[in-house]
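Here the structure comes first, spelled out in structure tokens, and everything after it is commentary.
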Amino acid sequence: MRIRFGLFTIDDRTRQLLKGERAVQLSPKAFELLLALAGRQPEVLSKTELHERLWPKTFVSEANLSNLVAEVRGVLGDRPRTPRFIRTAFGFGYAFCGETIVVDNEPARSVRPACWLEWGRRRFPLFAGTYVVGRDADVEIRLDASTVSRRHARIVISDERMTLEDVGSKNGTYRAGERVHDAVPLADGDSIRIGSVLVTFHVREAGATETLVTAG
3 MRIRFGLFTI DDRTRQLLKG ERAVQLSPKA FELLLALAGR QPEVLSKTEL
53 HERLWPKTFV SEANLSNLVA EVRGVLGDRP RTPRFIRTAF GFGYAFCGET
103 IVVDNEPARS VRPACWLEWG RRRFPLFAGT YVVGRDADVE IRLDASTVSR
153 RHARIVISDE RMTLEDVGSK NGTYRAGERV HDAVPLADGD SIRIGSVLVT
203 FHVREAGATE TLVTAG
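Residue numbers (the working numbering): 3 to 218.
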């Protein structure tokens, strides 16, 4: 099973967590925790159930689970108080709160992005999922500029649609020179202005073999 969320893909066959096309290091227990939560999103899994899955028939301190949750959050860039992926159900357990897409039929390999944003020499790969664009350190697409709001705009990529919308920014979001409020469709070559930052939206042609240089 392969599960996509944000910039990440988790693959239980290869035991890998990918960020774009790059493998991200997780300890085996942390990987198992993330897989358990993402695989049953948005269900809340109790601490007891997670302990039994991660340490069957073994007594461990409750701090062991807390430490694994902290490891997963650290790798995903998640924050306990404003979670995008791992939510705490206080006094009970944890749940995966991000939007996920299960892609069982794809081959077990790194999947090339269908779309990307280009900002100068930097490129942000866009797989299926929801991407917040802004200046905050924990958004999926970070544009570090003073005219960009902390959480400025949202891009949604799926098989059925590719859309852009503003999320209450101060300096506005524009597509092809027209201000965007509600979700509008995106097409290959669309120019997007986020505050004063100009980016371009691209869609990969079928069979293209270009290698993307992802933003760090």
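Using N, Cα and C, we set each Cβ at its ideal position, and we do this for glycine too.
All figures in this text were calculated on a predicted structure; none of them were measured in a lab.
- Counting the other Cβ atoms within 10 Å of the Cβ of residue 3 gives fewer than 16, which makes it exposed.
- Contact annotation: the segment 51-71 does not touch the segment 152-160, with fewer than three C-beta pairs closer than 8 Å.
- In this chain, the alpha helix (DSSP H) harbouring residue 40 covers 30-41.
- For the pair residue 38 and residue 189, the Cα-to-Cα distance works out to about 36 Å.
- In this structure residue 101 touches residue 131 by the C-beta definition: roughly 6 Å separates them, less than 8 Å.
- Residue 169 places its beta carbon less than 8 Å from that of residue 155.
- Taking a cut-off of 8 Å for Cβ pairs, the segment 118-125 and the segment 58-68 do not touch, as fewer than three such pairs fall below it.
- Around the beta carbon of residue 183, fewer than 16 other beta carbons sit within 10 angstroms, so the residue counts as exposed.
- The bridge partners DSSP lists for residue 25 are 20.
- Burial is judged here by how many other beta carbons sit within 10 angstroms of a residue's own beta carbon; residue 179 has fewer than 16 and is exposed.
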